[in-house]
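*Asks:* Going by my numbering, the sequence shown opens with residue 28, and the numbers climb by one from there. Could you have a look at this structure, given as structure tokens, before my questions?
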Amino acid sequence: MMKQTSKTATILLANLVVSVLLANLVSAADTVEGRAKVRDADTIVVSGVPVRFDGVDAPELNTMAGRDGKRWMVNEVRDRHVVCELTGAKTYDRLVGTCFVGNTNLSAAVIAAGHALDCPRYSRGKYRHLETPAARSRISRSGYC
28 MMKQTSKTAT
38 ILLANLVVSV
48 LLANLVSAAD
58 TVEGRAKVRD
68 ADTIVVSGVP
78 VRFDGVDAPE
88 LNTMAGRDGK
98 RWMVNEVRDR
108 HVVCELTGAK
118 TYDRLVGTCF
128 VGNTNLSAAV
138 IAAGHALDCP
148 RYSRGKYRHL
158 ETPAARSRIS
168 RSGYC
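So, in structure tokens, the structure goes:
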């Protein structure tokens, strides 16, 4: 009985070590690429890696604007190859990065389409000129921006 418990503990420890090493490899990567699954207007999952768009403030899914933004993003990335350049930062379960479909910066595109706002705390204002008046009037900027 003691040998079986020790063997099980060793296997569990080995699995934990492998999981930590794999997580560090992904988070240390400069880019992730592949097909994307959309969580909302500022978060996609690319090749199993959740990526939060750097410098973008999109409304939550419990709002009409949030649902519209997600629908727009689904249409933007559907059946397309997405490349995300990661910053090395993390927020909750997501890595932070700038994602592209071809030469289109998805952060800039979602803001220019009126489905999100610039988050100057993280973007240093680089997307502010893309904000639409309609988006400014219907989307509340998050306090953390």
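In this text, a Cβ means the ideal position worked out from N, Cα and C, and glycines have one as well.
1. Here's the rule I'm using: 16 or more other beta-carbon atoms within 10 Å means buried, otherwise exposed. How should M91 be labelled?
2. According to DSSP, is K97 part of a helix, a strand, or is it coil?
3. Using the C-alpha atoms, what's the distance from Y154 back to E112?
4. Measure from the alpha carbon of V110 to the alpha carbon of each residue in D57, S167 and I166, then state which is nearest.
5. V128 and R107: beta carbons closer than 8 Å?
6. Rounded to the nearest angstrom, what separates R94 and N130 at their Cα positions?
7. Run through DSSP, which three-state label would N102 get?
8. Taking a contact to mean a Cβ-Cβ separation below 8 Å, would you say R105 touches P77 in this structure?
9. So what does V83 bridge to, in DSSP terms?
10. Which class does L113 belong to by DSSP, given the choice of helix, strand or coil?
11. On the CB-based measure, 16 or more other CB atoms within 10 Å of its CB, does S134 come out buried or exposed?
*Replies:* From the atom records:
1. Reading the sequence shown from its first residue, position 64 is the one you call residue 91. Per the 10 Å Cβ criterion, exposed.
2. Position 70 of the sequence shown, counted from the start, is the residue given in the question as residue 97. The answer is helix: DSSP assigns K97 an H, G or I state.
3. Position 85 of the sequence shown, counting from 1, holds the residue named residue 112. Position 127 of the sequence shown, counting from 1, holds the residue named residue 154. C-alpha separation (whole angstroms): 17 Å.
4. What you label residue 110 is simply residue 83 of the sequence shown in a count that begins at 1. It is D57.
5. The count along the sequence shown starts at 1 and reaches residue 128 at position 101. The count along the sequence shown starts at 1 and reaches residue 107 at position 80. Yes, Cβ-Cβ distance for V128 and R107 is below 8 Å.
6. Within the sequence shown, the letter at position 67 stands for residue 94. Within the sequence shown, the letter at position 103 stands for residue 130. In a straight line, the C-alpha of R94 is about 25 Å away from that of N130.
7. What you label residue 102 is simply residue 75 of the sequence shown in a count that begins at 1. N102: helix per DSSP, three-state reduction.
8. As a first step, residue 105 must be located in the sequence shown, where it is residue number 78. As a first step, residue 77 must be located in the sequence shown, where it is residue number 50. No, they are not a contact pair.
9. Here residue 83 refers to the residue found at position 56 of the sequence shown. In the DSSP output, where bridge partners are listed per residue, V83 has D145.
10. Taking the sequence shown and counting its residues from 1, one reaches residue 113 at position 86. In the structure shown, L113 sits in a strand (DSSP, three-state: E or B).
11. Sequence index remark: in the sequence shown, residue 134 carries index 107 (1-based). Buried.
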